[in-house]
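What follows is a short report on a single structure.
2 protein chains.
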Amino acid sequence: MPISPLFRPIDVAPAYQKVADAIEREIVNGRIKPGDPIGTEHDLVRQFGVNRSTIREGIRVLEEGGLISRDSSRRLHACLPRYTKLASRLSRALVLHEVTFRELYEASMTLEVASIEGAVERATEENLAELTNNLVRSEAVVGDPAALAECDAEFHVLVAKASQNRVLQLAREPAAQLFYPTTEMIVTGVAEGGPRLVAAHGHLIDAIRRRDREAGVLWTRRHLQDWRRGFEKIASLDRSVEHMYMEHAQAARRR
Amino acid sequence: MPISPLFRPIDVAPAYQKVADAIEREIVNGRIKPGDPIGTEHDLVRQFGVNRSTIREGIRVLEEGGLISRDSSRRLHACLPRYTKLASRLSRALVLHEVTFRELYEASMTLEVASIEGAVERATEENLAELTNNLVRSEAVVGDPAALAECDAEFHVLVAKASQNRVLQLAREPAAQLFYPTTEMIVTGVAEGGPRLVAAHGHLIDAIRRRDREAGVLWTRRHLQDWRRGFEKIASLDRSVEHMYMEHAQAARRR
DNA sequence: ACTCTAACTTTGTCGGACAAAGGGACAGAA
DNA sequence: TTCTGTCCCTTTGTCCGACAAAGTTAGAGT
Chain C
39 MPISPLFRPI DVAPAYQKVA DAIEREIVNG RIKPGDPIGT EHDLVRQFGV
89 NRSTIREGIR VLEEGGLISR DSSRRLHACL PRYTKLASRL SRALVLHEVT
139 FRELYEASMT LEVASIEGAV ERATEENLAE LTNNLVRSEA VVGDPAALAE
189 CDAEFHVLVA KASQNRVLQL AREPAAQLFY PTTEMIVTGV AEGGPRLVAA
239 HGHLIDAIRR RDREAGVLWT RRHLQDWRRG FEKIASLDRS VEHMYMEHAQ
289 AARRR
Chain W
39 MPISPLFRPI DVAPAYQKVA DAIEREIVNG RIKPGDPIGT EHDLVRQFGV
89 NRSTIREGIR VLEEGGLISR DSSRRLHACL PRYTKLASRL SRALVLHEVT
139 FRELYEASMT LEVASIEGAV ERATEENLAE LTNNLVRSEA VVGDPAALAE
189 CDAEFHVLVA KASQNRVLQL AREPAAQLFY PTTEMIVTGV AEGGPRLVAA
239 HGHLIDAIRR RDREAGVLWT RRHLQDWRRG FEKIASLDRS VEHMYMEHAQ
289 AARRR
C-alpha cells in the first residue's frame with residue numbers, strides 16, 4: 039500500500055540551475071522581452087545573492103539554450119532563439135544517433151513537400167523576390183560546388199519561410215543541415231548535377247508564382263530524387279550520416 | 039571598394055568555449071563513446087591546464103547541449119542527446135516566436151501523417167505491443183483528462199517510433215510538446231473528447247496491424263481534425279501558443 | 001561474508017584577486 | 001569640426017584558495 043503523499047518533494051536543484059530557471063521564466067513569460075538587457079554579472083550577484091561563479095554557470099546554460107546572448111560589448115541581453123543555432127544541436131544529435139541517409143531522405147521528402155505546399159499557398163511578393171535573387175546568385179556560381187551547395191541550402195530555407203509556417207521552418211531545419219554537406223559532394227561528383235539543381239529551383243519558383251500546387255510538389259519530388267540518385271552514385275543510402283556534417287557545424291558555430 | 043582580405047579573423051574564443059569545443063569534438067567524432075566517462079573536474083583541470091571555474095563553465099555548455107551528463111554519483115560521462123530534452127528547447131523557441139495554433143496544426147498534420155505512413159510500413163510486433171499497451175492504459179483513464187493527455191502524447195511518440203525513422207521522430211517532437219497541454223484542456227472541456235480520442239487510437243493500431251495505409255492516414259487526419267474542432271470550441275486557432283506550455287515544460291525539466 | 005565506520009574524493013559554492021577589453025570623457029592635433 | 005590619443009572606470013574572463021555536503025573507498029570488527 040502506497041504511503042499517502044504527506045510531503046512534496048523538495049526542490050534541491052543546484053543554485054546555478056535555479057538562477058538559469060529564474061531568468062528563463064522571466065523571458066518565456068514575457069516580463070523580459072527579447073532585446074531587453076539583463077543586468078551585468080555583478081547586478082545578478084546582488085539580485086540573486088549568490089557568487090559570481092554561480093551566476094556565470096547559470097549564464098552559460100541560458101546562452102547555450104539561445105535565450106540570452108552578449109552583444110558586441112559583451113553585455114547580456116535576452117534574445118529570440120535562432121532556429122539554425124538550435125537546429126544544429128539537433129543535427130548533432132542525429133549524427134550521434136547514427137541516422138541513415140534513408141531516414142534523412144524520407145523525412146525531408148515529407149517536410150520539403152509540406153514547405154512547398156505552404157509556399158504555393160501563401161508566398162508573398164517579398165518571398166518571391168528573395169527566391170529569385172537566390173536563383174540569380176545560384177546561376178552565377180553553378181560551377182562552384184561549395185557556393186552552389188550553400189545557395190541550395192538557402193533556397194530551401196527561403197521556401198520554408200515562404201510557407202509562413204514557423205513550426206515547419208523549424209522542423210525541417212535539422213534534417214536540412216545534414217543535407218547541406220552532401221549536396222556539395224554530389225555537385226562535385228556528378229557533372230550535370232549543378233545545372234539540374236538550378237533548373238529545378240527555377241521550376242519551383244515558377245510553381246510558387248503561378249500558385250500551382252501540383253507543379254510545386256512534382257518539382258520538389260524530382261529535386262529530391264535527383265539528390266538521391268546523385269548520392270547513390272557516391273554512397274549507400276543506408277550509411278549513417280557520420281561526421282560528414284562536422285566541419286559545417288563547426289563553421290556555423292563561429293558566426 | 040572592399041578591402042582585400044589580407045588577414046583571416048583570428049580565433050579568440052574564450053577558454054571555457056575551447057574546453058567545450060574540444061570535448062564536443064572528441065564525442066562527435068567518436069573517440070569518446072556515449073557512456074564513456076569524462077574525467078573528474080580535477081582531471082580536466084590538469085589536462086586543459088585551466089582553472090576549475092573555467093572547466094565548469096565549459097561543462098555547463100555541454101550539459102545543456104545534452105552531450106554529457108552526470109550519473110547518480112554526479113560523475114561526468116558522455117551520452118546520446120535525448121530527443122525530448124532538445125525538443126523542449128525548440129518548443130520554448132516556438133513559444134517565444136509566438137507561433138499560432140494554426141501553424142502547429144498544419145505542421146503536425148504533415149508530420150503525424152508521415153509518421154503513420156512509416157509505421158504502417160515498418161512497425162514491428164514490439165511496436166504494436168507497446169501501442170496496444172498504451173491503448174489499454176488510455177481506456178483505463180479515459181475519465182482523467184491529465185492522465186489521458188499524457189497517454190495521448192505517448193501514443194503519438196510510439197507511432198513515430200514505429201516508423202523507424204528517427205529524423206521524423208525528432209522533427210515532430212517540438213510541435214507535439216506544444217500540443218500536449220491543449221489536449222488536456224480539450225478533453226476536459228469537451229465531454230465526448232476522451233472516448234473519441236481512444237477510439238481513434240484503436241483504429242490507428244488496427245490500421246498499422248493490417249498495414250492499411252489509407253486507413254492509417256484517414257484516422258490520423260480525423261484524429262487531428264477532432265483536436266482542431268475541440269480546440270476551436272475553446273479558443274481561436276490564430277492565437278499564439280503563449281505560455282500555455284510553461285507548466286509542462288517546467289515539469290519535464292525536473293525529470 | 002557482511003556491516004559499520006572512518007578516511008578520502010568530488011562537487012557545488014564562496015570570497016577575493018587581477019589582466020584585458022570596452023565605454024566614456026576630455027584634451028590636443030589636423 | 002572631426003579625428004586621435006589618453007586617462008579612468010566598468011565589465012568580463014580567468015585564476016587561486018577555501019570549505020561543507022554528498023558520494024566513494026578501504027579497513028575494522030563481527
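In the order they appear, the protein sequences are chains C and W.
Under my numbering, the first residue of the first sequence carries the number 39, and numbering increases by one thereafter.
Under my numbering, the first residue of the second sequence carries the number 39, and numbering increases by one thereafter.
Every residue gets a Cβ at the ideal spot worked out from N, C-alpha and C, and that includes glycine.
Contacts of residue i in chain C (Cβ-Cβ under 9 Å)
i        : result
W/Pro233 : Those within 9 Å of W/Pro233 in chain C number zero; the least Cβ separation is about 29 Å.
W/Leu118 : Ala131, Leu134 and His135
Through-space distance from residue j to residue i, alpha-carbon basis
i        : j        : result
W/Leu206 : W/Ala229 : 32 Å
C/Ser129 : C/Glu64  : 28 Å
C/Ser278 : C/Asn171 : 34 Å
C/Asp182 : C/Val151 : 27 Å
C/Thr78  : W/Val50  : 22 Å
C/Ile246 : C/Ala237 : 14 Å
C/Arg292 : W/Lys56  : With a pLDDT of only 45 at C/Arg292, under 50, the local geometry of the prediction cannot be trusted, and the value read off the model is given with reservation. Those two C-alpha atoms are separated by around 12 Å.
W/Asn203 : W/Arg98  : 30 Å
C/Ser111 : W/Leu169 : 53 Å
W/Ala167 : W/Val88  : 52 Å
C/Met223 : C/Arg210 : 21 Å
C/Gly232 : C/Gly103 : 37 Å
C/Pro52  : C/Ile93  : 11 Å
C/Ala187 : W/Val255 : 34 Å
C/Arg234 : C/Leu242 : 12 Å
C/Asp81  : C/Arg108 : 15 Å
C/Ala131 : C/Thr122 : 14 Å
W/Asp74  : C/Ala157 : 45 Å
W/Arg175 : W/Glu164 : 17 Å
C/Ile106 : C/Ser201 : 28 Å
C/Pro40  : C/Thr138 : Residue placement at C/Pro40 is poorly supported in this model, since its pLDDT is 47, which falls under 50; the coordinates are not used for a value here.
W/Ile154 : C/Thr162 : 32 Å
Under the three-state DSSP convention, the category residue i falls into
i        : result
C/Ile70  : coil
C/Arg113 : coil
W/Ile246 : helix
W/Ile224 : helix
C/Pro17  : Residue 17 of chain C falls outside the range modelled here, since chain C spans only 39 to 293, and no answer is possible.
C/Thr138 : strand
W/Ser126 : helix
C/Pro75  : strand
C/Ser146 : helix
W/Arg251 : helix
C/Ser176 : helix
W/Ser274 : coil
C/Arg267 : helix
W/Ser91  : helix
W/Arg120 : coil
C/Ser153 : helix
C/Val57  : helix
W/Pro43  : With a pLDDT of only 46 at W/Pro43, under the threshold of 50, the placement of this residue in the model should not be trusted, and no figure is reported.
Interface residues of chain W facing residue i [CB-CB closer than 7 Å]
i        : result
C/Val205 : Leu132, Val137, Glu141, Leu142, Ala145 and Ala213
C/Leu124 : Arg127, Leu128 and Ala131
C-beta contact flag for residue i and residue j at 8 Å
i        : j        : result
W/Phe269 : W/His239 : no
C/Leu142 : C/Phe86  : no
W/Val197 : W/Cys189 : no
C/Ala60  : C/Leu100 : no
W/Leu124 : C/Arg120 : no
C/Ser146 : C/Leu262 : yes
C/Pro219 : W/Leu208 : no
C/His115 : W/Leu118 : no
C/Thr148 : W/Thr221 : no
W/Gly214 : W/Ala184 : Residue identity check: residue 214 of chain W is Ala in the sequence provided, not Gly. Not in contact: W/Ala214 and W/Ala184 (Cβ atoms no closer than 8 Å).
C/Val225 : W/Val66  : no
Neighbour list for residue i in chain C, Cβ cutoff strictly below 8 Å
i        : result
W/Ala209 : Ala145, Leu149, Ala209, Arg210, Pro212 and Ala213
Where residue i meets chain W, residues with beta-carbon distance less than 9 Å
i        : result
C/Met121 : Just to set this straight, residue 121 of chain C is Tyr in the shown sequence, not Met. Result: Leu128, Ala131 and His135.
Contacts of residue i in chain W (Cβ-Cβ under 8 Å)
i        : result
C/Ser274 : Those within 8 Å of C/Ser274 in chain W number zero; the least Cβ separation is about 17 Å.
C/Arg94  : Ser91 and Glu95
C/Arg350 : Nothing can be reported for residue 350 of chain C, as the shown portion of chain C is limited to 39 through 293.
Cβ-heavy atom distance, residue i to the ligand MG, below 7 Å
i        : result
W/Arg266 : The ligand MG is absent from the structure shown, which contains no ligand whatsoever.
### Task
Using a Cβ-Cβ cut-off of less than 7 Å, give me the residues of the region 250-266 of chain C that come near chain W, in sequence order.
none
### Message
Against chain W, which members of the region 129-152 of chain C pass a CB distance test of less than 7 Å?
### Response
Listed in sequence order: Arg130, Ala131, Leu132, Val133, Leu134, His135, Val137, Glu141, Leu142, Glu144, Ala145, Thr148, Leu149 and Ala152.
### Message
Please list, in chain order, the residues of the region 100-115 of chain C that have any C-beta partner in chain W closer than 9 Å.
### Response
Correct list: Leu100, Glu101, Glu102, Gly103, Gly104 and Leu105.
### Query
Between the region 68-84 of chain W and chain C, which residues of the former have a C-beta closer than 9 Å to a C-beta of the latter?
Gly68 and Pro72
### Query
Taking any Cβ of chain C, which residues in the region 236-248 of chain W have a Cβ under 9 Å from it, in chain order?
none
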